[in-house]
Structures are given as C-alpha cells and as structure tokens.
Amino acid sequence: MITVKLVGHQDAFALADVLRLFFGTVTTQTPDCLMVGDESWVISSENRQALQHATAGLHTAFDVQVVTRLWLDQAALDQNQPPFLIFDQTVQKTDARRELKRQLYLLLERITDVHFPWGSLTGVRPTMIAEKLTNELKDLPHVRHDLIERWRLSGEKADLLIRTNLTEQRVLAELPLDEPLIYAGIPFCPSRCAYCSFIAQDAHHKVSWLEPYVDAMLVEARQTFSQLKVTSSAFYLGGGTPTSLPAPLLQRLLVGLKAILPLHQHAEITVEAGRPDTISAEKLQILKDFGTTRICINPQTFHDKTLQKIGRQHSVDAIYEAMAMARSFGFDHINMDLIAGLPGETPADFAVSIDKLLALAPESATVHTLAMKRSSRLFQESDRQDRDRLLINHPDPALMTMVAYAQERLIEAGLHPYYLYRQKDVAGGLENVGFSSLGHECRYNVGMMSDRRAVIGLGSGAISKRVDGTKVTRAPNDKDIAHYIGRLDELIQRKIKLFLN
Ligand code: SF4
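If you count the sequence shown from 1, position 242 lands on 285 in this note's numbering, and the numbers rise without skipping.
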C-alpha cells in the first residue's frame, strides 16, 4: 500500500494524477489521504510553515512564499525512523501545486524506474509550461534544458513542446482578445465508435430527436446573439458528426445559423464531416453555401479490418471517395485525423496509414493517441484483468514508435505542429497533436485549447467559457439531449449572464 498524506495543502486531485500515471487506480481514503497498490510506504507532502505552525498548535494555509517538501517514510513511521527528505524547494504560492506534483513524480520515478515521455507534466495543456518558461528564461536552449532536467521530459517531447508553443503564440496573436470563438455541437453519429466516450447518439436510432434538436439550437443561437453584441472570426461546428443530419435538416440548420452568427466576412468556419459515409454531393454543396472554409474527414486508420473492429461502417475506399468529392467542390482546407494504438494495429500498420494520409495531401492533420475511456465499448467489453492493465498507461515502445514516425513524416511533408493536448487515460502517457501547413493552422483549435479566448457554446454538452486574463469561468450546457431541450431557456440565460456580468 502506498499512502500519500496531504498536510498543509489540499492538492489531492493534482497528486492523484501523478499516482495514476504510475499505478493506475487511486483511491481516496479521506480528503487528505490517497492510496494505491499494495506496497508498504507512506509518502507525505507538506509545507514547512504549516508544519511549524502545526507544531505550535496552529494551522495555516500556504503563504506567498512557501517551502514544500516531500518525503518517503519506509512503512514505518512505526519504526521511528527519521523521514527521508528528498527535496526542499522554495516556490511561489502559485507554483506550489506544480512543484508538489513534480516532486512526487521524481520520487516515484526513482522508486519504480519508470520514465514517462512527458515526465512530471500531467496536465491537458503542456504548452502552458513552455510559454511560462519562455517568458521567464527568454532563450530556448535554457527552456529545453529546464524541461528535460527539471520537469523530466524526453528531448523529443521538449522539442515538440517548444516548437508547438511558438506557433500557438503566433496564432493567438492573430486572434483578437475581445472576440469570442463560437462552437456548436451536433451529438449524432451514424454509429458509435468502440473507443468513444462522448455522449454521441446513433442518428439512425434517434431520428425523432434530430428536428427538435436542430430547432432548439437555432432558438439558442438567436436568443444568445440578440443579447450578446459580439463579433467572431472563428466558428466550429463539431460533434458528433454534423453531416450525419439528413441533408434538408443540415440545410435548415446552416441557413438558420448563417443568418444569426455574428461572423466576420473572412471568418474561419470549420465543419466536422468526420465519417466519410455521411458525406454526399448534396451535403457538400450545403457546406459550401454556408461559407465553410475547413472540413474534417477523419479516416482514423487506412485498414478495413481495423475500421470494422472499431465499429465504423465504412471502408477505406469511402475515405478516398469522400476526399475526391470534397476536392471537386473546391474545399481547399481539409483536415484528416488518425489514431495511434487502435486495437490490433502494429507500428508497421500505422506507418501505412500515415503514408496513405500524406499521399492525399490534406492541409492539416491531427494525430491522436488512443485514450482508454471507462465509458467506451472497448473498455466495457474488456475482461477484469485487461481493465486493470488498460488503466495503467506506462510508456509503450510500440506506441512511441508510431507517434515518432507520424511526427517525423508529417514534418518532412511540410506540416508543422501547431496545437497539442493530452487526455487523461491516454495510452503510453502520450499526446494528440494538430499539424498543418503554414497558414492553415485552425484558429479555433488554438484559441479554445489554450484557454486564452472566450468561447460561446451552443448545443447539448457545449461549454461556454469566459476568460479574464488567466481566470476561466465556464457555463456548460446539459449533455443529455432531452434535458438540454427541456432547460433551454435557463441555459441560455445562464450563458448570457456569464458574459454580461
Ligand atoms: S465519430 Fe467521434 S463522436 Fe462519433 S462515435 Fe466516433 S468517436 Fe464518438
């Protein structure tokens, strides 16, 4: 059993992330006590001031300057041995959480001899730390050194992070601070992918929901933008798969949105047409009339066998047909996604997919690493033993080979990394990276993922975000479609209040 006791702070959530990296499941015994595995150690983290005050019979929270320290007590505080102090750092209060995580990571790395490619960074947006270090240290070799030596990133990940952050900063500089991004989500797909954890409804079985949903979204858009006087230069219609709506309904939605959304004349407009089997000439014409500048056609793999395994009801040929049709309609920015680590695929299989994707010359591509979500079919159908294994995402040489090959080939082909994020439960502790040719970076993706631009979200599960400097306040819509429609007025008012207050 490993027990982590929290003294002088309440960062259980953050420290649990680090423990999860190494051990998978973490349980909370009490709010200040985390437990994993069956070893016999006690790890305790605390703040010296808190310790001193505690000794004097007082308790205090972190002050502006705090000293954190973390020690390993070999099971037995009962043996009365002195604690084994491994670090003693002075940090700013605002950095205390990250420092505690870093120290816990170093300790566990030493105990287990497991080294993760992203080192002690467990957050969704690692580029934030690259930005912070670049501002503090100024020159990039120092940033790289710090990422590797202090935060324990591999050299490849440090280089990827620095490079991605530079592009992110360039794209952000082009996005006006006072303009929100706009997102609308269509939570329907032709079938459910085996790895999906999103509440996507199967469009064929939920036909009766499609019209009421589209109508509700149009009401939400109309009321929101009649009260919020804003303009925007980036709109994203995602999901789900918006093109799984029947053509007449897709037309009704997009004609309606076009009249309502306060978009600049040259705004970036992305539509997810992820599943090739939802694309037709009629729908492409509707997207063109809407002013779509970027569409996503997402193969995920170029192997028919894998497509079947993951529950996609189309063939590789359908990907080629959809691509050719989209080009014939003049779409000059097509994004394609692939996933590394799909069931049964080897590095050689994945390399074939990367090469085939590049032969189609998309303007941008996103390479995901499979994330094993507990609510996905893949996870639910695995047996108990497999589940325990699936929840531990130790570095995986085969996956690392796939991701490294993808990054090398895409960069060689002139696509550079422009945004990056990491999901919880991602295989091998790896990342998702968006690549694009110069000038084809998706502004919405960068602004939304950086948490540096406000987002007005429409539709079930859409999250609106207000951003004040580094403070982000969110107003999520209900994920459940019936609840979303039922509570529409209340959700609209909550969103308007978020931005008007
Ligand atoms: S296309 Fe995306 S949202 Fe739809 S089922 Fe597959 S993973 Fe889920």
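We put the CB at the ideal spot given by N, CA and C, even for glycine.
Remember, predicted model here, so these are calculated numbers, not experimental data.
{"Check": "A277 - partner residues in DSSP beta bridges", "Outcome": "E311"}
{"Check": "Buried or exposed by the 16-neighbour rule on C-beta atoms within 10 Å, applied to R195", "Outcome": "buried"}
{"Check": "Coil, strand or helix - L220 by DSSP", "Outcome": "coil"}
{"Check": "Which of helix, strand or coil DSSP assigns to M491", "Outcome": "helix"}
{"Check": "Pair within 8 Å by beta-carbon distance, G299 and L261", "Outcome": "yes"}
{"Check": "L180 versus N208 - alpha carbon distance", "Outcome": "15 Å"}
{"Check": "F422: CB within 7 Å of a non-hydrogen atom of ligand 1", "Outcome": "no"}
{"Check": "Which of helix, strand or coil DSSP assigns to V515", "Outcome": "strand"}
{"Check": "Cβ neighbour criterion (16 or more within 10 Å) applied to D375", "Outcome": "exposed"}
{"Check": "Cα-Cα separation between G471 and T344, rounded to whole angstroms", "Outcome": "19 Å"}
{"Check": "Inter-residue Cα distance where the pair is L31 and A237", "Outcome": "In the structure as shown, the chain starts at 44 and stops at 544, and residue 31 therefore has no counterpart that could be examined."}
{"Check": "Candidates G198, M171 and A310: closest to F159 by CA position", "Outcome": "G198"}
{"Check": "Extent of the continuous beta strand (DSSP E) to which M379 belongs", "Outcome": "I377 to A383"}
{"Check": "Whether A518 touches R537 by CB criterion (8 Å)", "Outcome": "yes"}
{"Check": "Through-space distance from T286 to Q356, alpha-carbon basis", "Outcome": "15 Å"}
{"Check": "Spatial neighbours of R530 in its chain, beta-carbon cut-off 7 Å, leaving aside the 5 residues before and after", "Outcome": "D521"}
{"Check": "Start and end residues, alpha helix (DSSP H) containing T349", "Outcome": "D347 to K352"}
{"Check": "Proximity below 8 Å, CB of P319 to CB of I362", "Outcome": "yes"}
{"Check": "Residue burial classification, R63 (beta-carbon count within 10 angstroms, cutoff 16)", "Outcome": "buried"}
{"Check": "Pair within 8 Å by beta-carbon distance, E8 and H346", "Outcome": "Nothing in the structure corresponds to residue 8, since the chain is present only between 44 and 544."}
{"Check": "Outcome for F278 when other beta-carbon atoms lying within 10 angstroms are tallied against a minimum of 16", "Outcome": "buried"}
{"Check": "Residues near P438 in its chain [Cβ-Cβ closer than 8 Å; skip 5 each side]", "Outcome": "V157, H158, F159, P160, G471 and G472"}
{"Check": "D60 (DSSP reduced to helix, strand or coil)", "Outcome": "helix"}
{"Check": "T321 CB to nearest heavy atom of ligand 1 below 7 Å", "Outcome": "no"}
{"Check": "Close-in-space but distant-in-sequence residues of the same chain around N123 (CB under 8 Å, 5 per side omitted)", "Outcome": "The predicted position of N123 is uncertain, since its pLDDT is 43 and thus under 50; a value taken from the coordinates is nonetheless stated next. Counting only Cβ-Cβ distances below 8 Å, and skipping sequence neighbours, we find nothing."}
{"Check": "L101 (DSSP reduced to helix, strand or coil)", "Outcome": "In this prediction, L101 has a pLDDT of 24, which is less than 50 and means its spatial position is unreliable; what the coordinates show is noted afterwards. Residue state, collapsed to three classes: coil."}
{"Check": "Neighbourhood of A414 by C-beta, 6 Å cutoff - its chain only, sequence neighbours within 5 removed", "Outcome": "Q466, D468 and V469"}
{"Check": "A497 versus Q146: straight-line alpha-carbon distance, rounded", "Outcome": "33 Å"}
{"Check": "Beta-carbon proximity of A408 to L453, cut-off 8 Å", "Outcome": "yes"}
{"Check": "Per DSSP, the bridge partner or partners of T409", "Outcome": "D380 and G477"}
{"Check": "Three-state class that DSSP yields for V69 in the structure shown", "Outcome": "coil"}
{"Check": "G162 beta carbon near ligand 1 (any heavy atom closer than 7 Å)", "Outcome": "no"}
{"Check": "E318 beta carbon near ligand 1 (any heavy atom closer than 7 Å)", "Outcome": "Sequence inspection shows Arg at residue 318; the Glu mentioned does not correspond to that position. Result yes, Cβ under 7 Å from ligand 1."}
{"Check": "Validate contact between the segment 207-224 and the segment 496-511 using beta carbons, cut 8 Å, 3 pairs", "Outcome": "yes"}
{"Check": "F333 vs G282 beta-carbon contact at 8 Å", "Outcome": "no"}
{"Check": "Buried/exposed call for Q565, threshold 16 Cβ in 10 Å", "Outcome": "Here the chain comprises residues numbered 44 to 544, so residue 565 is not present and cannot be evaluated."}
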